[in-house]
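Asks: One structure, pasted below without further comment.
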Amino acid sequence: MGFLDSLKAKLGPAKGKVSDLAQQHGDKIDQGLEKAARIVDEKTKGKYSDKIQSGTGKAKDAIDRMGHKDEGRPGTGGRPSAGGTPGTGGTPGADGTPPPPPPAA
Numbered sequence: 382m383g384f385l386d387s388l389k390a391k392l393g394p395a396k397g398k399v400s401d402l403a404q405q406h407g408d409k410i411d412q413g414l415e416k417a418a419r420i421v422d423e424k425t426k427g428k429y430s431d432k433i434q435s436g437t438g439k440a441k442d443a444i445d446r447m448g449h450k451d452e453g454r455p456g457t458g459g460r461p462s463a464g465g466t467p468g469t470g471g472t473p474g475a476d477g478t479p480p481p482p483p484p485a486a
């Protein structure tokens with residue numbers, strides 16, 4: 382077993398716990414991210430506002446993905462995938478990826 386396999390095996394239970402915490406406390410985490418972003422933006426006098434907002438958005442997206450761990454993934458027991466990006470109403474290609482080809486007859 383390689384180093385990465387060993388690391389993944391050890392981090393597996395922690396990932397589940399983090400996911401559960403993100404699901405339970407996602408709103409509090411989002412509030413904390415907003416507060417931290419606001420403070421950093423004030424301390425830097427707005428010089429990095431765009432980067433701060435971008436990083437905050439990415440962090441919130443990651444928390445949302447962790448909180449909804451099995452939704453939309455076929456074969457994981459979550460709700461079936463509607464195609465496309467979660468949160469876009471199932472619109473294929475809404476995230477810039479092409480829609481899947483139609484099934485063969």
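Quick note: the sequence shown uses this note's numbering, first residue 382, plus one each step.
From the three backbone atoms N, C-alpha and C, an ideal C-beta is built for every residue, glycine too.
All values derive from a computational prediction rather than experimental measurement.
1. Please report the straight-line C-alpha distance between D442 and S430, rounded to a whole angstrom.
2. How should G448 be labelled, buried or exposed, when 16 other C-beta atoms within 10 angstroms of its C-beta is the threshold for buried?
3. Roughly how many angstroms lie between the CA atoms of Q412 and K428, to the nearest whole one?
4. What is the residue span of the alpha helix (DSSP H) that H406 lies within?
5. Would V421 pass as a contact of I410 if the rule is Cβ separation under 8 Å?
Replies: Looking at the coordinates:
1. 18 Å
2. buried
3. 22 Å
4. 384-424
5. no
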